[in-house]
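**Student:** Residue numbers (this note's numbering): 26 to 155.
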């Protein structure tokens, strides 16, 4: 059984063990690093989740899920500058990533929507209504 199978079966303790074993075998195993970070975050083990997200980003700088996972934590901690920087990195890799767009939108909203001061491109607008 692999870690994701254990997650799908609801066996989070087994999933964590399997992710840790995979990382012990390959310390830069991107999927395992991201998956354990996500699992730990869900379990409220935020500090350890941050460590795994940072390890994965160091080894895989364009890993969008780890960039946005860490951005979300930063937002919840009110670390808006780091949240914005991580979101921008994720958007540079995947310009339509919904989590990165959400994180960026929340940062801009909390800064009063001053998009130009934040250095972001203008917001996309829908079609004009008659």
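In this text, a Cβ means the ideal position worked out from N, Cα and C, and glycines have one as well.
(1) Nearest CA to the CA of residue 63: which residue from 52, 94, 46, 104?
(2) What span of residues does the alpha helix (DSSP H) with residue 123 cover, start to end?
(3) Do you know offhand how far residue 46's Cα is from residue 117's?
(4) Can the beta-carbon of residue 28 be found closer than 8 Å to that of residue 49?
(5) Looking at the secondary structure, which residues open and close the alpha helix (DSSP H) in which residue 90 lies?
(6) Under a three-way DSSP split, which group does residue 35 fall into?
**Tutor:** Looking at the coordinates:
(1) As a first step, residue 63 must be located in the chain shown, where it is residue number 38. Across the set 52, 94, 46, 104, the C-alpha of 94 shows the shortest separation from the C-alpha of residue 63.
(2) Within the chain shown, residue 123 is the residue found at index 98, counting from 1. Here the alpha helix (DSSP H) through residue 123 covers 123-135.
(3) Walking along the chain shown from the start, residue 46 turns up at place 21. Walking along the chain shown from the start, residue 117 turns up at place 92. Looking at the backbone, the Cα of residue 46 and that of residue 117 are separated by about 32 Å.
(4) The residue you call residue 28 lines up with position 3 of the chain shown. The residue you call residue 49 lines up with position 24 of the chain shown. Not closer than 8 Å, so no.
(5) Start at 1 with the first residue of the chain shown, and residue 90 comes out as number 65. Boundaries of the alpha helix (DSSP H) harbouring residue 90: 89-101, taken from the DSSP string.
(6) Within the chain shown, residue 35 is the residue found at index 10, counting from 1. In this structure, residue 35 counts as coil in the three-state DSSP scheme.
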